[in-house]
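Structure first, then comments.
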Amino acid sequence: MTSPRGVQNLTQSCYAAHFLRICTIFLALSSLPVADGLHHMKRVPPRKLNRRKDPITPLIVTNYCPETIYPGITTQSGQGPSQTGFKLDPGNSNNQTVSEDWQGRVWGRTNCSFNSDGTGPQNNGGGKACGTGDCNSILNCIVTGDTPVSLAEFTFDAGDGHTYYDISLVDGYNLPLAIVMQPLANSSLDDIPPNLTNPSCQGTVGLLQQQGYNPYTSGYQQFLGTNSSYPLPFDEKVNDQQVSGWCPWDLQVNPPSKPGDGVYPYPDDNIQRPAFDPCYSACAKYNDPADCCTGDHGSPSTCQPSDYSKAAKGVCPDAYSYAFDDQTSTFIIPAGAGFQVIFCPGARSTNILATESQQLHQLAQGGQVPSGGEYLHLNMTTSAAARTNGFNCFTVGITLAIFGYALLTLVS
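Just so we're aligned: 54 in this note's numbering is position 70 of the sequence shown, and the numbers increase by one with no gaps anywhere.
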């Protein structure tokens, strides 16, 4: 039979073992880092948007080209603008509105000449009214413009709470253009850094700024909706020579005249091309299934980019270059924005989708992305919290150990 003293010693041993286990657990917990907001859900649902109250969405078209252009607009769904074609002189803008679920495209027509009521060419004869982008020779477009055209394409609300938009060179290239998102005092959009949303494509010689160009130190406090705090990432690889000759020779709309002997020299790199050198896409000119990603080539695994697509992607990294180029060409933001399409925006082509891919993925998945300063502050705050929590756990462990020792002393 165990003596009272033995019972007391056994009790003390149990207390000691119990508190030793508690102290061990707390000390182990104190050494564990706190997770930095790690989330393992594959797709975070979009935030509930703070929608604008007015039912109309701005669609602004601006011409910074040195020549007059005639933009065209077509609507695939939703309510389109009242003017689907108009004259736009250099430096001017056309402000219209569309429905919040509008889907359509915008392009520029060049070298146009219409009759007085805009129903045909100026001479009222046959033929086209515009050199590029013509839409059945009428001012107000009903159909999409003739190729080649640079396109701004929009799906304002796809039904999933997102807006999808892109610059497309799938139908060819005629004019440089940029897309600038307009947040419209929508808190869900105001917080998005503007250098993630405003792509630009500059593929025309004579309008390309030199490598290393910085618009924010060249007289522009703001450029395409961005500033020096959120600068656009410009492509720095392309030079004037590459831009002047990127279009494959056989896809030029107006190739240079043959020399006097009727034979082009080979290679043709040094042949002077026209300053305005619109370019067909391979699909637009030849309609080959391999170039158009149709028929037996109607899947990403069976359709590869053509020489044209590779060249177009080289001068405009953020632009669609062929049918299955969406992974490196589509911009996705919460629905509710308006947009401005700018022809001949200046500077250089952007390279947003490649250089800012992590933040763009967060934006597409969750509808928001921390800005640079907020992201840094968030990481610093979380790390500080981890250090503080670790120290607190250690302190609790020591306190419990002291308390256990005091209790054992009293029992004894």
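In this text, a Cβ means the ideal position worked out from N, Cα and C, and glycines have one as well.
Query: Straight-line CA distance for Cys397 to Gln342?; Result: Any question about residue 397 goes unanswered here, given that the chain covers just -15 to 396.
Query: So Asn182 packs on Leu208, CB below 8 Å; how close in whole Å?; Result: 5 Å
Query: Could you give the DSSP three-state label for Pro217: helix, strand or coil?; Result: coil
Query: Ignore the nearest five residues each way along the sequence and tell me which others in Lys297's own chain have a CB closer than 6 Å to its CB.; Result: Ser305
Query: Thinking just about the alpha-carbon of each residue, which of Pro318, Phe315, Ser290 and Ile326 is nearest to the one in Gly156?; Result: Ser290
Query: Go to Gln87, then tell me how far its beta strand (DSSP E) extends in each direction, as first and last residue.; Result: Gln87 to Arg93
Query: Can you tell me the Cβ-Cβ gap for Asn118 and Gly129, rounded? I've got them flagged as a contact below 8 Å.; Result: Looking at the sequence itself, residue 118 is Asp, so the reference to Asn does not match. Asp118 to Gly129, Cβ: 6 Å. Contact.
Query: Where does Val82 sit, in a helix, a strand or coil, going by DSSP?; Result: strand
Query: If you drop the 5 nearest sequence neighbours on each side, which residues of the same chain put their C-beta closer than 6 Å to that of Ser61?; Result: Gln87
Query: When the Cα atoms are used, what is the spatial distance from Asn335 to Val222?; Result: 12 Å
Query: Would you check if the distance between the CB atom of Ile57 and the CB atom of Cys125 is smaller than 9 Å?; Result: yes
Query: For Thr94, count the other beta carbons within 10 Å of its own beta carbon; 16 or more makes it buried, fewer makes it exposed. Which is it?; Result: buried
Query: For Val82, which option in Tyr204, Asp73, Gln67 and Gly75 has the closest C-alpha, if you only look at C-alpha atoms?; Result: Gln67
Query: Ser283 lies in the beta strand (DSSP E); which residues open and close that run?; Result: Note, Ser283: premise wrong, no beta strand (DSSP E); not H, not E.
Query: Using the three-state DSSP reduction, which class does Pro273 fall into: helix, strand or coil?; Result: helix
Query: Here's a check: name, in chain order, each residue in its chain whose Cβ is nearer than 6 Å to the Cβ of Pro178, leaving out the five neighbours to either side.; Result: Gly209, Thr210 and Tyr214
Query: In the DSSP assignment, the beta strand (DSSP E) including Ala136 goes from what residue to what residue?; Result: Leu135 to Thr139
Query: So for Gly190, helix, strand or coil by DSSP?; Result: coil
Query: Compare the beta carbon distance of Thr147 and Pro132 with 9 Å and say whether it is the shorter of the two.; Result: no
Query: As a quick exercise: from Val299, Ser265 and Phe140, pick the residue whose alpha carbon is nearest that of Arg89.; Result: Phe140
Query: Exposed or buried, which one is Asn120 when buried takes at least 16 other CB atoms within 10 Å?; Result: exposed
Query: Does the separation of the CB atoms of Ile40 and Val325 fall below 9 Å?; Result: no
Query: Can you tell me whether DSSP reads Leu347 as helix, strand or coil?; Result: helix
Query: So, under 8 Å CB-CB, Gly187 and Cys300 are touching, yes? Tell me the CB distance rounded to an integer number of Å.; Result: 6 Å
Query: On the three-state DSSP scale, how would you describe Cys263?; Result: strand
Query: May I ask you to report which of helix, strand or coil DSSP gives Gly21?; Result: Confidence is the limiting factor: at Gly21 the pLDDT is only 31, short of 50, which leaves the residue's position unreliable, though a coordinate-based value still follows. In the structure shown, Gly21 sits in coil (DSSP, three-state: anything other than H, G, I, E or B).
Query: Buried or exposed: where does Glu397 fall if 16 or more other Cβ atoms within 10 Å of its Cβ makes it buried?; Result: As displayed, the chain neither begins before -15 nor continues past 396, which places residue 397 out of reach and without an answer.
Query: Assuming Asn238 and Asp261 form a contact by the criterion Cβ under 8 Å, report the distance between their Cβ atoms to the nearest whole angstrom.; Result: 7 Å
Query: Of all the options Ala266, Gln346, Gly330 and Gly320, which has the alpha carbon lying nearest to the alpha carbon of Ala169?; Result: Gly320
Query: Tell me whether Gly381 sits in a helix, a strand or coil according to DSSP, three-state version.; Result: In this prediction, Gly381 has a pLDDT of 48, which is less than 50 and means its spatial position is unreliable; nothing more can be read from the coordinates.
Query: Is the CB-CB distance between Gln193 and Gly330 below 9 Å?; Result: yes
Query: Our contact map puts Cys263 next to Asp275 with C-beta atoms below 8 Å; I'd like the distance itself, whole angstroms only.; Result: Their Cβ separation, rounded to whole angstroms, is 14 Å, which puts Cys263 and Asp275 out of contact at 8 Å.
Query: Hey, how far is the Cα of Glu340 from the Cα of Ser152?; Result: 20 Å
Query: From His281 to Ala295, what does the alpha carbon distance come to, in whole angstroms?; Result: 20 Å
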